[in-house]
Structures are given as structure tokens and as C-alpha cells.
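Down below is the structure, laid out as C-alpha cells.
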Amino acid sequence: MTNKEKILQFIESETEANIKESRFDFDSCTAGVISKLLFLDRTNISRILNELYRENILIKISGKPIKYISKNIFAKNYPFSSIPKIIQKNEHIEDYISFHSEPDQTSFAKSFHMIGSHQDGSLYENINRILSIFYLPKDTFRIIILDGDSGTGKKFFLHQIYHRFQELSIIHKNTQIQYYEFIDFYAHAKEYIQQAISKNHTFISISYSNLKYNPTMLHRIIDLFELYYFNVNIKPVLAFICSDLTDKEKLSAITPFYLKFPALKDRPVIEAIDLITLFVQNAAQKTSKTIKLTSTFIKTVYIISDNIQQLKTYIDFFISKAMLTANKRAIKTEIILDDNITADFFHYSTSENGKFESIQLPEVLIISPNLQYDNLKKTQNPTETNTLLSETKQKYSPTALQAFYYQYSHYKPSNIKRNLKTDTLYNGINKILYKTNLYFYPELIEFTTDRVLKIITNEFTQDIDTAEHIDRTETMSVTHKIIQYVESHHIALSSKQIHYIENTIYYSIYLTNGIQIPIVIVSKYSHLVKQYETLYNLYYKKHILHTFILPANIDNETEMIETIFSTLIRYAKSQGILIFADKEIRSKLANRFFMYSNTLSHCMELSTFIMIQNSINQILDNNTNILNVTPNLLVEQNREKKLLQNESFSQYSVRNTDKNLLSINQLTPGINNFETNEILFTLLTKICRKLNIPIINSLILDFLFHGNCILFELKNKLNFRPDEKKFYDDSQHHLISIVKDVIESMDTLEEYEFSDRDIYTLLQIFLRNNPDITS
Numbered sequence: 008m009t010n011k012e013k014i015l016q017f018i019e020s021e022t023e024a025n026i027k028e029s030r031f032d033f034d035s036c037t038a039g040v041i042s043k044l045l046f047l048d049r050t051n052i053s054r055i056l057n058e059l060y061r062e063n064i065l066i067k068i069s070g071k072p073i074k075y076i077s078k079n080i081f082a083k084n085y086p087f088s089s090i091p092k093i094i095q096k097n098e099h100i101e102d103y104i105s106f107h108s109e110p111d112q113t114s115f116a117k118s119f120h121m122i123g124s125h126q127d128g129s130l131y132e133n134i135n136r137i138l139s140i141f142y143l144p145k146d147t148f149r150i151i152i153l154d155g156d157s158g159t160g161k162k163f164f165l166h167q168i169y170h171r172f173q174e175l176s177i178i179h180k181n182t183q184i185q186y187y188e189f190i191d192f193y194a195h196a197k198e199y200i201q202q203a204i205s206k207n208h209t210f211i212s213i214s215y216s217n218l219k220y221n222p223t224m225l226h227r228i229i230d231l232f233e234l235y236y237f238n239v240n241i242k243p244v245l246a247f248i249c250s251d252l253t254d255k256e257k258l259s260a261i262t263p264f265y266l267k268f269p270a271l272k273d274r275p276v277i278e279a280i281d282l283i284t285l286f287v288q289n290a291a292q293k294t295s296k297t298i299k300l301t302s303t304f305i306k307t308v309y310i311i312s313d314n315i316q317q318l319k320t321y322i323d324f325f326i327s328k329a330m331l332t333a334n335k336r337a338i339k340t341e342i343i344l345d346d347n348i349t350a351d352f353f354h355y356s357t358s359e360n361g362k363f364e365s366i367q368l369p370e371v372l373i374i375s376p377n378l379q380y381d382n383l384k385k386t387q388n389p390t391e392t393n394t395l396l397s398e399t400k401q402k403y404s405p406t407a408l409q410a411f412y413y414q415y416s417h418y419k420p421s422n423i424k425r426n427l428k429t430d431t432l433y434n435g436i437n438k439i440l441y442k443t444n445l446y447f448y449p450e451l452i453e454f455t456t457d458r459v460l461k462i463i464t465n466e467f468t469q470d471i472d473t474a475e476h477i478d479r480t481e482t483m484s485v486t487h488k489i490i491q492y493v494e495s496h497h498i499a500l501s502s503k504q505i506h507y508i509e510n511t512i513y514y515s516i517y518l519t520n521g522i523q524i525p526i527v528i529v530s531k532y533s534h535l536v537k538q539y540e541t542l543y544n545l546y547y548k549k550h551i552l553h554t555f556i557l558p559a560n561i562d563n564e565t566e567m568i569e570t571i572f573s574t575l576i577r578y579a580k581s582q583g584i585l586i587f588a589d590k591e592i593r594s595k596l597a598n599r600f601f602m603y604s605n606t607l608s609h610c611m612e613l614s615t616f617i618m619i620q621n622s623i624n625q626i627l628d629n630n631t632n633i634l635n636v637t638p639n640l641l642v643e644q645n646r647e648k649k650l651l652q653n654e655s656f657s658q659y660s661v662r663n664t665d666k667n668l669l670s671i672n673q674l675t676p677g678i679n680n681f682e683t684n685e686i687l688f689t690l691l692t693k694i695c696r697k698l699n700i701p702i703i704n705s706l707i708l709d710f711l712f713h714g715n716c717i718l719f720e721l722k723n724k725l726n727f728r729p730d731e732k733k734f735y736d737d738s739q740h741h742l743i744s745i746v747k748d749v750i751e752s753m754d755t756l757e758e759y760e761f762s763d764r765d766i767y768t769l770l771q772i773f774l775r776n777n778p779d780i781t782s
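Residue numbers for the sequence shown follow our numbering, beginning at 8 and rising by one.
And the structure:
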């Protein structure tokens, strides 16, 4: 990628981010900022920016400093705006936007709560196509054509659009959708149009089937609307609901908002499962009964249904049949949907498994009444109703290397009584290790030296052998020097002691080998960042992540910056360092490294686990220097922003398909995240309701990550977090009580004993996402 391409990519991503956040300040789109972030010469950047401006690719915003934004990105977001090549000092970019949405309203994409609306979903393209309709002037006809087989969800989709028009105050909140049948409307078109004008109808839906479709008739209706509304300022929204149209090219010429809806069997099978679950949940609420449905029932009802409407009809019928069976058996509280209920219609065979091979369906789903669809819980054990934290086949079995790192992460200098001889040995081993790549890890050197000394003095009793194949070629020379040094002091080592020393040195050096760019998290949220550090280092079997814990209150910020700098600089190798820091301190820390140090660095604001995980992957894949990694990190950062803005993790379907949340399953083996994510989301919802705070995406992601980590620690009797005598101050006592009370009220968490440390960890998630919560 050339410098010109890098700069244009950066400008485009920043323009997109500013527009999405409705900031319009574009502070990062200047030559000075770009030179610092991309590590390029400022003079060359200015030349390239001017070149892109002359090529009509960028828009220039006059002032000091001069800013540049992407013309294409701006046009994409505001297709009906007219923006000049240069915006003068006394002008504002907002003046050129033809449509202003209220800043406190959620975006359409975020508010579109519909199965299949997430990225890669079957309706995602339709949602993106319809977005620009909300930016059209009110004096323009907004024509929508919804095409698809009967029962594909067209009318429901139209209702979603209608509600969004209301939320944005484009149509009056009391406006109703006026429904007409096509042939009837055609026969009385003039009468109905005049009626719509007199009654101020602004949302009109006309339905017809493919058997009666005639292009000439459709054009005639549109022509009559244009004629009668010629002198009317506010034009209506016209929606035509069709079935399997064939003249798609001509229809696309009528309107860009031609939406094609896939048949049920053409949608991903996970969406069909979500629809089944949703319909059953609605039935559970209506009947006030718990409904248990088996995986066989789900597969059967999917196979026999041709469309969504038929799917719903079958589910309603089978639930009625199951209720009759339950009444005969005097079972009043629950309904069971299994293959006995569907036996008269279809006998499910494993030969039908094709589409379900990639889906891990639980054996039984238990759906309780009076619960929102997003709070559905799953269980693999049909008799298990008190807890959903069922065991999975995968158990946590740490390797010897992971056990070694975990012990190191809890290391405290030992109280071993040393004499002159042991002190001499300690210092000699220490010096040998300092001449290896462990030089940058002084704590690891101390731990390793201490371990080797205990092996020599027979005070180390743990078995550190392993079934893993170990190639000790790279560490043999270091091990040989240590053994030689020990034996030079007339100490005979047994073969077992030598074997233990070899393994210890191997593990220490392996943990640090190949890491040219260390990552350091600087934060006051000690419990959260320590979980990041320990969990990711265990998973990757590398000591790539480090932490610096800030005090809760910083008296002297300048002095603190110097302390952080002097601590972090020791981790930095010749290839640079990546820093994640709390928002309050990030810019000053970045300035300290950039302006007053020769060390290559890149400092980013600490956000969610997604950015940390992606950064580790980027560095391990491209472990050269921070300059080469930075452009990719900026891209990943922009992706994370878009994910947090465009997705809605309050939706069950999004949580169960998001690859980032699914990755937690690899980090916490033995924890069934499909179940725990929903339990934790329920817990989060209840706490937010008590605290009266909104549920935002970053809060959901943080809560699910750290909540699963706590469950993983509790289940395996591990501890990733600091041992403090008192975790919280008096001002946070009432918050601790709220979190504790909600946890104790949840039956699904009964088997876990949450300590004060666990509860405070959860509280830190709220404090990080909403710092003013204590007030």
C-alpha cells in the first residue's frame, strides 16, 4: 500500500467515524495528526492531501489547521446534499446537510430489531438499501417495492420502516398505514388519492399478487399520484407489496428501493431457528406456561414449513395440541413439544440433517413465560430446570507451560533463608538469565531464578514434567551454563533436578520468544485489565500482554506520567511498544512517548476486548515493528467502532452469531458460553434497571467477557485478579449492594459463590462505561 493509499484510507475511515457520531469536527483529518498517527513526514502528507484535493477526491475545510474529508464518504451518507470543494472559515459543514436527524435518536440500523438484520444476515442488504429513504426531502415521492413469496415477512419489514419514519418525526406519530388491494385501488384510484390528500394520509400500502400484476397499471397509479400531488408539499410514502415479480429491471427504474425477500428455506438455518424460538416465546407469554421444545421438534417444524406464515401456523397448532395432551395428563405448568406431537405429520429422520450439520443445537430448549425473547435460556439437560450452567464436554486442562505462566503471574519473592552460598548461586544464575532475551522481563527473571534455586536446594516439590513435546535446542546453551555454574560450586545435581531446570528455563524463554512488540494496558480498572493480561497470556502461551495499574485518584498527573513512562520503557524493544490507556490519560501519555522519547510507540484508548484480541493477532502475524502494524491497527479500530455503532448486542440473534463473543468460548474452555452469555445478559439487564442506566453495546461486550471470565475462574478455582484487602471505597458501597442483591436473586447463578472481589469486578465494568454512576 502506497503512502497516498494509506492517507486516503485514513481520511475515509475518520470521515465515516465523525459522521456516524454526528461530531463533524474532523479534528484528526489534518496533516499534523496524520503524520503522528501514520508515522509519515508532514511535508509529504501536506503534498499528498493537496494532490487528492485537486483530484476532486477530498473536500478542504479552511482554517487553522486545514482539514480534509472524503467526498465519496460524505456523498454516500448524505446523497441529497450539495457540498462545495472548499468550505470557508465562516461556514459549517452542517449547513450543507439537507436532512437533520435528532442527535439523541438511535440510527435506523441500530433500531431495526428483526431476525436477519445483523451483518451477513439475509435481510442485511435490504436494510442498507432502504437507509437512504430517510434522507429524501418530504416533497419527493418515496416509493418502496417489497417483492417476495407469500409469508416472507414483507409486511413486518414495512412496519419497521413505518415506525422509524415516526421516530424521526418525518411522518406524524398518529399516522396509520393505509392498506389497499391493488385491483380495488386501480378501479377507484382518483377517489382514493383525493381521499388521501384530504385526510393527510402519508403512508400508503398497496398489495397485489403476481397473477394480477400489470406494469401498465402500476405506472398508471404512480402517474395519478404525481398528478394529484403536484401542488402538495408533503408527498406520501408509497409501498407496493408484491409476490414474485419478474420485471425487476423496469421496477428498479421506478425506484431504487426495490427490496427482494428470500424464501424461508433460502435463509440461513440459524435464522429459521431464531424465528421458531421467537414464535414459541410469544406463545409462552400468552399461555403463561413454560414450553420445552426438543431439537427434533425444531428440525421437523422447519422441514415441513414452506414459509414464515406457515411456520407460525404450525407452531400455534402444535402448541394447541400439546396443551390438550398436557391437560389430559393433568400437567398444568408446562408444555412439551417433541417428535410425539409432530408424529402424525412427519417422522424426522437423521438423513434430513444436512442444513443442521453446522448448528450446535441443544438437546432441549426451555422457554419460560414473561421473559423477553433476548433473554431466552438454553439447556442440554431436559430435567435440569434450576440451573442452566450445564457441563460441556470440553474441560480446562492447562498445559505445563500454561501452569508455569499462571504460577509466575502470582509470584511473590520467596522468604527462602539464604546463606552466602545460596546468595552467590542466586546472583550467578540471575546474571546468566539477564544475558538472554529475558532481559526485558525482570520479574520473570526473578521468578525463574527463584524456581531454579528451589530445585537445587530441594525445596521445590511440584512435578513440572509434561506430556508436551519439548524441543530444547534453543535453550540448551543457557541451561548448560547454569548447570555448569552450579556444579562449579561443588553441588551435585540429580538427573531429575537437571530435568526440572531444563524445563523451567525452556518455559521462561518460550514465553518471551518471538515477541518484538509488547502490549501494555495502563488503567485504573485493576480487576478488568488483570483478567485481560492473565487470560490472553494463558491462551496464547506468550507473555505479550502487560499491565500498569493506575491509582484511583492521581494527585500529580505529570509525576504519574513520568512513572508510567519509566516503567513502560523497560518493556520496549527496538521494534516499539503498543499501549492501551484509559481515556483520561491516553493523549498525555502518547505525547510523552512521541515528543520526548526515541522509542517507537502507538497509544490507543482502551475500549473493549475485541481491540485487544485483534491487536495481539496483528502483532503475532506481523511481528516486525510498530510502524508496520499501526495502519492495520487503525483499520481494526475503525471496524470495532462500526461494530459498536451498527450492531445491537441487545438482540439475541446478534449475541449468538457474533464471532467476537463466540471467541470467548476458546478463552474459557469448560464454560458453555451459549448459555452463560444469556444468563449474564439477564443479570446485566436487571442491574441496569436498578441503576437506571442505559444498556449500550460496549457495556454488553465488557459484561459478557469479564462475566464469563469470572465463571471460568470460579469453576476452575483460579484467580486472575489482585488480592486486595478492601476492593472498594465507602462511596461505592450502595452500588456493591445492588449488584450483590441482583446476583443473589438469580437461581441460574446459585451454584457459583460470588466473592466481594467478583462483585467488585462486575462493578468496575459499570464504572468504566459510566464513570458518573457513583454520583
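We put the CB at the ideal spot given by N, CA and C, even for glycine.
- By the neighbour-count definition (other C-beta atoms within 10 Å, threshold 16), E757 is an exposed residue.
- Distance from the CA atom of M618 to the CA atom of E647, rounded to whole angstroms, is 7 Å.
- When DSSP states are grouped into helix, strand and coil, T182 belongs to the coil group.
- A straight line joining the alpha-carbon of Q644 with that of D665 spans about 17 Å.
- In terms of CA proximity to L607, F46 leads the group I703, A38, D765, F46.
- In this structure, I248 sits near L153, with a CB-CB distance shorter than 8 Å.
- When the alpha-carbon of A270 is set against those of S157, F325, F286, the nearest one is in S157.
- Counting only the Cα atoms, R61 lies some 14 Å from L15.
- In the structure shown, I686 falls within a helical segment according to DSSP collapsed to helix, strand and coil.
- K197: member of the alpha helix (DSSP H) spanning 196-205, first to last residue.
- In the three-state DSSP reduction, S581 falls in the coil class, being neither helix nor strand.
- F148 is bridged by DSSP to nothing; it lacks a bridge partner.
- Remark: C-beta atoms of N776 and L706 approach each other more closely than 8 Å.
- For T301, the enclosing beta strand (DSSP E) has its first and last residue at 297-301.
- By the CB criterion at 8 Å, P525 and I584 fall inside the cutoff.
- It is roughly 21 Å from the alpha-carbon of H170 to the alpha-carbon of G155.
- For A246, the uninterrupted beta strand (DSSP E) run begins and ends at 244-249, by DSSP.
- In the three-state reduction of the DSSP assignment, D562 falls in the coil class, being assigned neither a helical nor a strand state.
- Assignment of A588 by DSSP, reduced to helix, strand and coil, places it in the strand class.
- The Cβ atoms of V485 and I512 lie closer than 8 Å to each other.
- DSSP places L613 outside both helix and strand once states are collapsed to three, so it counts as coil.
- The C-alpha of K595 lies about 18 Å from the C-alpha of T554.
- Nearest C-alpha to T301 among I261, N679, T349, S738: T349.
- Taking 8 Å as the upper bound for CB-CB distance, I200 and F232 are in contact here, some 6 Å apart.
- Taking C-alpha positions only, A579 is separated from D562 by approximately 27 Å.
- The count of Cβ pairs closer than 8 Å, one atom from the stretch 303-313 and one from the stretch 275-293, reaches three, so the stretches are in contact.
- DSSP places I80 inside the alpha helix (DSSP H), whose first and last residues are 78-84.
- When the Cα atoms are used, L318 and Y403 turn out to be separated by approximately 40 Å.
- E466 sits in coil when the DSSP states are folded into three classes, being neither helix nor strand.
- For Y265, the enclosing beta strand (DSSP E) covers residues 265-267.
- The alpha-carbon separation between D273 and S129 amounts to approximately 9 Å.
- With distances taken between CA atoms, P275 lies nearest to G123 out of G123, N133, P263, E98.
- A buried status is given to Q771, since no fewer than 16 other beta-carbon atoms sit within 10 Å of its beta-carbon.
- In this structure the stretch 673-682 touches the stretch 704-723; the number of beta carbon pairs closer than 8 Å is three or more.
- For K722, the closest alpha carbon among the candidates F237, N679, V371 is that of N679.
- Just measuring C-alpha positions, the residue of T159, Q185, F210, A196 sitting nearest I177 is F210.
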